[in-house]
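Q:
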Amino acid sequence: MDQFILSSGLDEMCIGENGRISRKKPENEQTESNFKSKNLHAERRRREKLNDKLLRLRGLVPKITNMKKATIVDDAIAYISELQHTVATLQHQLLGIETSSAEGTVPKKDGIHIRAAERNKELWLQPDISVAQIFENKLWMKVIFEKKPGGFTKLIEALSALGFEITDTNLTTFKGVMQVTLCLQGFSRELLAVEEIKELLLKVVN
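So in the UniProt record's numbering, the last one in the sequence shown is 206, and the numbering has no gaps at all.
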C-alpha cells in the first residue's frame, strides 16, 4: 500500500508507507515555493554578474583606495573625471599649437611667432609615459607620443620583448598625437622596476 489521502473540510492528510501522517501542501504553497526558488537563482546570477563587472572595473582604474564595492565605484568616477580634465587640457594645448602655427605663417619679419610655435611643438611632442601597479603582477600604462608609421607596432613589440602579456588595450589618435592605454600582466619587481620600464619605452617611442 503506497499512500492514502484522508480528506476533511480543512486539510488533506497523507499516510505514507511508514504509517506516518503528514499534511499535504496545497498547490498554492508549492507554487509560491517554486517562485521563491527561481527568485533566489535570479538574484544569485545578478550578484555574480555585478561582481564580475566590479572586478573588471577594478582592473581598469589605476588607483583603488579600498576593495569595497562603493569605494571602487567612487574611485572609478574620480578617475573618469581626471581623464575628462586631461582631455580638456590636451585639447586646449592643441588649440594653442594650431593658433601658434597659424601665426607662424605670417611674413618673416614676425619671426618671434614662428620660433614660439616651433618651441611649443617640440615641447608638446615630447613623449610621456604613466605607469601604475594595480595588482601584484599587473600594470596599467598610458603612453602618449607622436603619431608616426610603425610607432604603435614598435611599442607592442617592446612590451612583448620585456615579457609582458597585454590583457587590454585602447588606442586613440588626435591631430598627430597617439595615446595608448594598456593593462599588462607579467610584472615582476625582481626583473625590472617601474622607472626602468618607463625609460626603456621612452627610447622606443621617442
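Here a beta-carbon is modelled for each residue, glycine too, at the ideal position from N, C-alpha and C. Fair warning: this is a prediction, and the values are worked out from it, not measured in the lab.
1) Put Phe174 into one of helix, strand or coil per three-state DSSP.
2) Work out the CA separation of Glu82 and Asp168 for me, nearest whole Å.
3) Excluding the 5 residues flanking Leu191 on each side, which residues of the same chain have their C-beta closer than 6 Å to its C-beta?
4) CB-CB under 6 Å to Gly163, same chain, minus the five flanking residues each way: which ones, in chain order?
5) Classify Val87: buried if its beta carbon has 16 or more other beta carbons within 10 angstroms, exposed otherwise.
6) Short of 6 Å in beta carbon distance, which residues of its chain neighbour Asn170, apart from the five on each side in sequence? Order them along the chain.
7) Can you tell me where the beta strand (DSSP E) with Ala132 in it begins and where it stops?
A: So, from the listed chains and residues:
1) strand
2) 20 Å
3) none
4) Gly186
5) exposed
6) Thr181
7) 128-135
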